[in-house]
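In the working numbering, the protein residues as written are 1 to 239. C-beta atoms are modelled at their ideal positions from N, C-alpha and C, and glycine is treated no differently. Keep in mind the model is a prediction, meaning the values are calculated, not measured.
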Amino acid sequence: MKDLTVFNKGLEQLGIELSDHQKEQFLQYYDLLIQWNSFMNLTGITEFQEVIVKHFLDSLSLVKAIEIQKGQTLIDVGTGAGFPGIPLKIAFPELKVTLLDSLKKRLNFLDEVISQLGLTDIETVHGRAEDAGRNPKYREQYQLCVSRAVANLSSLSEYCLPFVEKNGYFISYKSGNVEEEMLQAKKAIHILGGEAPEVTYFSLADTDNERSMVKIRKVANTSKKYPRKAGLPTKEPLS
């Protein structure tokens, strides 16, 4: 039996209550992650307690930045092994979730997780953010866009803000102090229709891991010029 003491304490700190069924879904997710990780690269973090803290609780820390509402639409850009999208969907089943990733193999894993856990109102989309962000099916269709992808805030804003509807939010999961990064991204955020970010700093449950949530409200529609073609947001961030 896996020890859920750290998980339960972390959930309490976040003010999240889960049923036994939801906790079981997290355990199933962990088992599938380890099973699939044995033949494809999903995560370098595999020890149970580390996954609990650095993947599951970290993903759920979104609640520190925003109150999650019933029926909200959420897209997770560059979802990878499903973080933060799947933990958020398990904890808040009423969310309508889209998981976007450019690697089909990872989406095969996520489709298996969705099927095994019996999750509904969740879809996987194969594609690059630059292409999906121009597709009317996804463009400005979401109240929330989240990303744990590793990229600078200027690039991430160009990848993510096009998905957000007016008055919705893009929330970027970051590490440590992001003041300088926000300064560099100021112009890009404005060009893409966002207002000045708000940041929430915190430490992950019982660790020294310093995290930050950068929350950007979208106040104007994104110009049709953005996102630019594949690769450019990373190679030449707006500044």
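For residue i, the nearest candidate out of the options (CA to CA)
i    : options               : result
G168 : I216, S59, N177, L156 : I216
P197 : R211, S172, A220      : S172
L4   : L27, H21, L14         : L27
N8   : T222, L110, A91       : A91
I52  : K23, Q35, R134        : K23
F109 : G193, V97, P93, T79   : T79
R211 : F39, I16, L62, L11    : L62
Y29  : V6, L88, M182, E67    : L88
P136 : G15, T222, V150, I16  : T222
L57  : M40, I66, V77, F83    : F83
G241 : E236, I114, K54, L60  : The question about residue 241 has no answer here: the residues shown for the chain are numbered 1 through 239.
P227 : A132, K96, C145, V199 : A132
V214 : I191, A149, M182      : M182
N41  : T200, Y138, A81, Q25  : A81
V219 : G71, Q25, S38, I189   : I189
For residue i, the residue or residues it bridges with in DSSP
i    : result
I75  : T98, C145
F170 : C145, I216
T124 : L99
S175 : R211
F202 : R211
G194 : K218
V164 : Y142
Rounded separation between residue i and residue j - CA only
i    : j    : result
L18  : T43  : 25 Å
T46  : K64  : 25 Å
S147 : E130 : 14 Å
K105 : L33  : 13 Å
P162 : P233 : 13 Å
K225 : D208 : 41 Å
I75  : I86  : 11 Å
Q13  : K174 : 19 Å
Q69  : E158 : 25 Å
W36  : G194 : 38 Å
L156 : Q116 : 31 Å
F123 : L99  : It is worth fixing the name first, because residue 123 is Glu in this sequence and not Phe. For E123 and L99, the distance between alpha carbons rounds to 6 Å.
L119 : L204 : 27 Å
E94  : D20  : 17 Å
D121 : I114 : 10 Å
R128 : A185 : 21 Å
F48  : E112 : 20 Å
D206 : K2   : 18 Å
S102 : E140 : 19 Å
Where residue i sits in the DSSP three-state scheme
i    : result
G44  : coil
E67  : coil
V150 : coil
E50  : helix
E24  : helix
S19  : coil
L119 : coil
P87  : helix
P93  : coil
S239 : coil
L4   : coil
R106 : helix
G82  : coil
K229 : coil
F56  : helix
K224 : coil
K137 : coil
S38  : coil
Segment limits, alpha helix (DSSP H) that includes residue i
i    : result
A132 : 129-132
is_contact[residue i, chain B] using C-beta, thresh 8 Å
i    : result
N135 : Checking the listed chains, one finds no chain B in this structure; it contains a single protein chain.
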